[in-house]
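In what follows, a single structure is set out as structure tokens and then discussed.
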């Protein structure tokens with residue numbers, strides 16, 4: 439997956455909105471644009487399609503969806 443990781447890094451480096459967070463400074467919201475980061479794209483390998491791998495995939499997706 440090195441090509442996917444490289445593409446995602448380039449995308450994040452190119453677009454400030456993907457590197458922007460909002461912090462509180464003196465009680466007011468402040469936009470912070472971060473420099474490019476060393477993005478890691480996690481890859482979960484699942485074997486061929488079966489009912490068990492479908493359940494595993496559902497569990498992985500649910501965990502990612504629930505992560506802030």
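In my numbering, the protein residues as written are 439 to 506. Even glycine gets a Cβ: it sits at the ideal position worked out from N, Cα and C. As the structure is a computational prediction, the values presented were derived from the model and not from experiment.
Paired residues, beta bridge with residue i - DSSP
| i | result |
| --- | --- |
| residue 524 | Residue numbering for the chain in the displayed model covers 439 to 506; residue 524 lies beyond these limits and cannot be assessed. |
Residues near residue i in its chain [Cβ-Cβ closer than 6 Å; skip 5 each side]
| i | result |
| --- | --- |
| residue 468 | 461 |
Neighbourhood of residue i by C-beta distance below 7 Å, restricted to the same chain and skipping five residues each side
| i | result |
| --- | --- |
| residue 447 | 477 |
Cβ-based neighbour list, residue i, same chain, cut-off 8 Å, excluding 5 preceding and 5 following
| i | result |
| --- | --- |
| residue 454 | 471 |
| residue 474 | 447, 450, 451, 457 |
Integer Cβ distance of residue i from residue j, believed to fall under 8 Å
| i | j | result |
| --- | --- | --- |
| residue 484 | residue 495 | 6 Å |
| residue 439 | residue 479 | 6 Å |
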